[in-house]
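First the structure, in the form of C-alpha cells, and then the observations on it.
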Amino acid sequence: MIKVLNSFKSVPDLDKMPAADWAAGAESGQIDTSYLKSIINCYDESALELTLRFNDKAVSEGLDCFLGAVTAGDRIAEKTLKTLAALGFAGTDRIVSGEELTFRPELTASSLLTYARKKGPWDMIVMGVQSADGCNKKIPFLVAEGLGMTCISQVVNFVPEGDKACRVTYMRDGARCEEVVELPLLLAVGDVPSTYLRVPTLKQRLATKMQVIGQYDAAAGPAEFNESTLQKVELIDQTRAGALIDGMDAAEKAEKLYRDYLKGVMN
Amino acid sequence: MSISREEIVKGLVNILGEEQVITDEEVLKESSNDRYRKYEQCYNVYTQPIPAAVVYVKSTEQVASVLEFADKEHINVVPRTGHSAIEGGLETALENSIVLDGSQMNKVIDVNKTNMQVTCQCGVPLQDLEDSLREQGLTTGHSPQSKPLAQMGGLVATRSIGQFSTLYGGIEDMIVGMEAVFPGGKVCRIKNVPRRSVGPDIRHIIMGNEGALCFITEVTVKMFKYQPENNIFLGYKIKDMDKGFEALREVMIEGYKPSVARLYDLQDAAMNFDWADDQNVLLFMAEGAAAITKATADAIDEIVKKVEGVTPVDPKLIEKWFDHLNWGPEQIAQEKEEILATDNIGITTEISGCWDCIGKIYASTVERIKNEVPDLTMIGGHSSHSYINGTNMYFVYYYNVVDCRPEDEMNKYHNLINRIICEEAIKYGGSIAHHHGLGKARAHYVFEEYGSSFYMLETLKKAFDPNGIMNMGTLIPINYNKENPWNF
Amino acid sequence: MNYNLIINAWDPEAGEQCRRLTRFLQDTGLASEKGNMIILSEEESEESWGTLTELVPAGSVSVLYGEFYRPEPVLDLLSEMTDADDICIFPGNHAGEELAVRLAARKGGSSLTDVTGMKIGDDFVIGEKKIYSGNLSGKFRMEAKPFCITVDKCCEESQDSWPAGKAAAMISWAGGSGRDRSICAVEKETGLAEAPFVVACGRGLGNKAAAEAAAELTASLGGRFGATRPVVMNAWAPMDDLIGVSGTMIRPDICIVAGASGSPAFYAGIEKSKIIVAVNSDEDAPVMKKADVCIAGDWKEILSELVRIKTEDEK
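Residue numbers (the numbering used here), protein chains in the order written: chain E, 8 to 274; chain G, -1 to 486; chain P, 71 to 385.
The structure is reproduced here in C-alpha cells:
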C-alpha cells in the first residue's frame, strides 16, 4: 500500500480582480479578495491530477494506493475536498485555523507537519511549488525539512516503480531529469501543461456523499520555523507614457509605428 | 441540378471580387458549424458539409446580388454576423453552401437623441455600440452574455434577450425599424415609428427568422438613459426552489421591474457563488432613475423577506460578480483547453413556461436528466428573465465524454439531453426555446412546439423561400418524420 | 554582517545570476562587508566555474562539487559552512529556492524568496518582494539569523568585474538518492534573452493556429517570438517561448505585446524593455497604460502591415 498525501490550497481567482481594486487595497492596507471566486491553486491542481494519474497507473499494475487530501484554509476549500472524495481520495481533511495564512508559510507548514505526523507515516507527499497569492515558495521545503524527507522540486511527472520507489521527472536549472527514487519522497510540482483536475460524475459524488470531511485544529503556539513577517503592502507603479498611435486603419498605424520606432531597431 | 463548387466560387467572385470571397480551407471548416458542436470544434472535427465559400459583403446591394445568384442557382445560404450562435443555426447543413457574412457592414449610421433611436448596419458589434453609447450617457439596454462577440444582425435574427430584460425587454421590445433582403434579391425596408396599426406587424417576419427567410442588413433600436450610478443590487440565499419561483412571481405581479431578477438552483448557485452554502440563490438589480431604483429595491426587499427560508447576503458580492459575467474570446479559448484536458464539457439549454408549470418543468427535467444521461457531472439551472405571466429556465449541464469519438458525442449526450428538456417543456405547456433560437438543434421539435400553428410557419417559409435556399435545416428540419417527430 | 553568495555553476545563466547577486550586494551596501563565495559544481575542474569568481566581490571562494546535484548532501555541507551571523544570498533559480528555504529551516534562520530589495538593520533585515501574482509589493521583516534569501530574476545586473579567485577549499559531496538517471539539457532557445526585437503574444490570440501565424509574422520581421504563460500552458507555443517569471526575462530594445492584457507575472519578464509597444483590440486593456506606445487594433493586421512595409522599405 502506497500512502500518498496531497496538500492543496483554495485561492481567490486573482485574474478577475480589477486593477483599481489593487490600488485601493494597497492604500488602505486591506486587500479584499472575498468576493472573488475560489479556485484550486493551479500548481496544486496539477499535483492532484498527476496524483490521480499515478494512482491509475498503480492500479493497472496491481498496486494499492491510499490517497489522502488535506488543506489548511477556509470552509470553501471543503467543496474541493468533496470533489476529491468523489475522485477517489479516501482521506479528506481540513485544518481549521483562525489565522490569516496567506503570508505565513511557516505557520501553514507547522500545521501540515502536525497533521502529517499524526496521520502518517506517508510514502509520498505531493503539492504545488507555490501559490498565486502568497508567492512564498516555501511550504514544500519546510514540510520536507520537518519530516526529514527527500524532496524533489519542479516535478513534471511521476509514476510508480514497484511499491517502494517512484520514477520522477523534474526540471532543474537548464535541464530536464528523470530518475528512480526510493520512497518516502516529497514532490513539489512545477509547471505542467494541460493538467486540469478531472471532473467526477454525479453518481461518483453520490457514492461518496457521506464521506467525512475531517476537521483538525491547527497547531497551537508559534510556528516550527522562524517567520519572515509581512509589514507593509505597496502598489507597484509600472505606468509608462502610453502614447496612442492613431490612424484610419491598420496600414496607417503600422506605418507610423515602423517609421517612428521600429525602423532603427529592425534593420 | 446543382452547380459545382468552382462555379459557385466563380459566380461569387464575379459579384464581389476575389478579396471578399474566402475559400481558405481552415476558414471554410470553421464556418461549417457554430458552438452547438463545441466538443467537435475543440477536437477540430468537422462533420458538417464544408461550405463552398465564405463571402464578406459590404452593402445591401451586394447582399441582394448574392441572394439573387443563390436563388437562381439553388444554393443554400447561411447568413452570419458575430459567429456566436449556439444552437446550430450557423451549420452549413447542405453541400456547397455559401456563408454570407455581414460583419464588415459595421457602421453606426445614426444616433438620434431626440427620438432616442440608434440605427446601425448588421455587422456592428453590440459591445462596441454599447461602449460608445455609454460614453454619451446612453444605453441600448441589451446585454446578452455573448455581447463581446455578437453583432446586431444576428441579435435580431435570433430574438435575443439580455441580462437586463426584466426592465428593458427582449430585442422585440427594443427594435424599431429594419431592412432585410429576401431570396431573389428583394430589399424590404420598414420605417421607424413608435407604434403602428396598419395590419399584422410584419417586423416579426424578419425578427426571429434565424436566417431562414431573409438576411437582415440594417436595424434601428431604442436607446435609454444610462444611469449606472443609481444601480442597487440585492441578493438572498433561499432554501426552497419552489419558494424561489414564488418570490419572483410576487415581485412581477406587484408591478416591479428590476432590470435583473434571477433564481439559481442549488447546483448552479454552487458553481457561481462561493457563499451559496448549499442553498438556492435569488438576486436582483434595480436600474434607472434614482427614485425608481430606490422604490424598486426597497419593495423587492420587503417582498422577498416575507418568503420562507430567505437569508439576505451582502449586495457587494452580487455587484462584483455581475461585473465579470460576459464571455469574450479569451474565456472561450481557455474553455477549449480545459475541455481537451478533462473531456468534461458544459452546455446550456433554455426554455420558458408560465408560473403554474415552470416549477414542474424544472423539477421533472432535472430528475430525468439525472436518471437517463450517462457520465453526468452537473445538472442545474437558473431563471433569468421574468414576466407577469411566467419566466424562463436556463438549464446548465456538464458531462464527461467517455469512450466516445468527438463526432459521436452529439448523439450520445447533447441531443439526448436536449430531447429530454424539450419533451418536458412541451409536456407541461412551456416553450422549448426561450431566447437562443430553434437553430438546427431544436428544429426537430418544431411540430410539437407549434402544434396547429405550424401551418403558419410552413407557409411563411414556402412563400418567402420557395426555392429552399435560406439556411436550410434551421427552424424546419430537412429530414423529418411528421408522424413520429421525436425520432431522427 | 558576513555574507555568503551561493551559486550553482550548472545553471546556463550562472553568469547573469552572479551579476545579479553582485548588484544586490552593491545596492544593499553589503559589498563592503566581508563575504564568501560558495560555488556548487558538478565538475571539479576550474574551467567550469572559474570565470564566475570574476563576477563577484567575494573575499574567499569555496567549491562544493559532486557527480550529480541533489539538495540533501549539499545542504549538509552548507550547514557546516555557514555561521549564524550570516546572510546567505542565493540566485532566484530552482536550486537557489530550495537551498535557501531549507538551509534557513535547518539552521533556525529565516528565509525569503524572490527578493527585489533589502534594507539592513542592526539585528534584522527588511526584504521586499512581489506578492499577489505580482500585483503588489510586500515588505517582510526577518529577525532570525541566518537570513537566507533568493534574488529575484528581474533585478538588475552589475557590469563590474574582479580578479579571478582561487578556491580556498574544494569539498565533495556524495550521495543523494536516485538511480537509473537520465538528464536532457533544455536548450534555452538561443535568442529570446538577447534578442533586440521581440514580439510577445498572449491568450488574446485565441488558438494554436493564430499563435503559429504570429510566430511566422514575427520571423518575417526579423524578430524573436515569445509567449505568455496561458499560451504555453495551452500548448499553443513551446515552453521555450515563455516570457515571464517562470520563463525568460527579456530586455529587448523593442517589445511588441500583442493579444496580452499584461499580467504582472508576464510583465515582469518584459519590463526591462527599452520600448514597449502594446497592440490590443481593447483600448482599456491594463497593458496599454504600462506601454510606451499603444495601438488599438487587430494584431494580425498590424503585424501583416509591418511585414509589408518592411519588405517594401528594403527594396
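No residue lacks a Cβ here, since even glycine has one placed at the ideal position from N, Cα and C.
Answer with yes or no whether the minimum CB distance from residue i to chain C is below 8 Å.
i	result
residue 331 of chain G	Considering every chain present, this structure includes no chain C. Its protein chains are E, G and P.
Verify the CB distance criterion: does residue i have a CB-CB separation below 8 Å to chain G?
i	result
residue 179 of chain E	no
residue 378 of chain P	no
residue 299 of chain P	no
residue 83 of chain E	yes
residue 270 of chain E	no
residue 247 of chain E	no
residue 50 of chain E	no
residue 386 of chain P	With chain P represented from 71 up to 385, any question about residue 386 of chain P goes unanswered, as that position is not in the structure.
In angstroms with no decimal places, state the Cα-to-Cα distance between residue i and residue j.
i	j	result
residue 191 of chain P	residue 100 of chain P	12 Å
residue 419 of chain G	residue 316 of chain G	29 Å
residue 92 of chain E	residue 215 of chain E	6 Å
residue 56 of chain P	residue 271 of chain P	It is not possible to answer for residue 56 of chain P, since the shown part of chain P is limited to 71 through 385.
residue 26 of chain E	residue 195 of chain G	52 Å
residue 153 of chain G	residue 75 of chain G	18 Å
residue 240 of chain E	residue 208 of chain P	5 Å
residue 81 of chain P	residue 180 of chain E	5 Å
residue 245 of chain E	residue 164 of chain P	27 Å
residue 292 of chain G	residue 382 of chain G	21 Å
residue 156 of chain G	residue 117 of chain G	18 Å
residue 141 of chain E	residue 169 of chain P	19 Å
residue 188 of chain G	residue 206 of chain G	15 Å
residue 184 of chain E	residue 162 of chain E	9 Å
residue 72 of chain E	residue 62 of chain E	7 Å
By the criterion of Cβ-Cβ separation under 7 Å, what are the contact partners of residue i in chain E?
i	result
residue 368 of chain P	257
If you measure from the beta carbon of residue i to each beta carbon in chain E, is any gap under 8 Å?
i	result
residue 373 of chain G	yes
residue 272 of chain G	yes
residue 105 of chain G	no
residue 325 of chain P	no
residue 226 of chain P	no
For the beta strand (DSSP E) that residue i lies in, which residues bound it at each end?
i	result
residue 381 of chain P	Looking at the DSSP string, residue 381 of chain P is not in any beta strand (DSSP E); the run it does join, the alpha helix (DSSP H), is 369 to 383.
residue 219 of chain G	213 to 220
At a CB-CB cut-off below 8 Å, which residues of chain G make contact with residue i?
i	result
residue 201 of chain E	335, 338, 339
residue 279 of chain P	24
residue 209 of chain E	368, 374, 375, 376, 377
residue 42 of chain E	314, 315, 318, 319
What span of residues does the alpha helix (DSSP H) with residue i cover, start to end?
i	result
residue 296 of chain P	From DSSP, residue 296 of chain P is part of no alpha helix (DSSP H) but of the beta strand (DSSP E) over 294 to 297.
residue 359 of chain G	353 to 370
residue 61 of chain G	58 to 71
residue 36 of chain G	36 to 40
residue 43 of chain G	Here residue 43 of chain G belongs to no alpha helix (DSSP H), and DSSP marks it neither H nor E.
Any beta-carbon of chain P closer than 8 Å to the one on residue i?
i	result
residue 80 of chain E	no
residue 142 of chain E	yes
For residue i, go through chain G and note every residue whose CB falls closer than 9 Å to its CB, in chain order.
i	result
residue 205 of chain P	Within chain G, no residue comes near residue 205 of chain P; the closest Cβ sits about 16 Å away, beyond 9 Å.
List, in chain order, every chain P residue whose beta-carbon is nearer than 8 Å to that of residue i.
i	result
residue 29 of chain E	202, 205, 206
Quick one: which chain E residues come within Cβ less than 9 Å of residue i?
i	result
residue 347 of chain P	252, 264, 268, 269
residue 360 of chain P	245, 246, 247, 249
residue 396 of chain G	206
Since residue i meets chain E, which of its residues come closer than 8 Å, beta carbon to beta carbon?
i	result
residue 175 of chain P	148, 149, 152, 153, 232
Whose Cβ in chain G lies nearer than 7 Å to the Cβ of residue i?
i	result
residue 163 of chain P	Per Cβ cutoff of 7 Å: no residues; residue 163 of chain P is ~28 Å from chain G at best.
What are the complete alpha helix (DSSP H) segments, minimum 4 residues, inside the segment 226 to 293 of chain P? Restricting attention to alpha helix (DSSP H) runs no shorter than 4 residues, the segment 226 to 293 of chain P encloses them at 278 to 290, ordered along the chain.
My parser needs the beta strand (DSSP E) runs of 3 or more residues fully inside the segment 104 to 184 of chain P; what are they? 105 to 111, 130 to 135, 156 to 161
For a minimum of 4 consecutive residues, which ranges assigned as the alpha helix (DSSP H) are wholly contained in the segment 383 to 465 of chain G? 404 to 407, 413 to 425, 444 to 448, 452 to 462, all fully within the segment 383 to 465 of chain G.
Beta strand (DSSP E) segments (min. 3 residues) lying fully within the segment 274 to 347 of chain G: The segment 274 to 347 of chain G contains these whole beta strand (DSSP E) runs: 278 to 284, 308 to 311.
Could you name each continuous beta strand (DSSP E) segment of 3 residues or more that falls completely within the segment 19 to 77 of chain E, going from the start of the chain to the end? 45 to 47
Runs of beta strand (DSSP E) lying entirely within the segment 169 to 234 of chain E, each at least 3 residues, in chain order: 172 to 179, 182 to 189, 192 to 196, 221 to 224
Continuous beta strand (DSSP E) assignments of at least 3 residues falling wholly in the segment 136 to 204 of chain G: 173 to 180, 184 to 188
What ranges does the beta strand (DSSP E) occupy inside the segment 111 to 138 of chain G, keeping only unbroken runs of at least 3 residues that lie completely in it? 115 to 119
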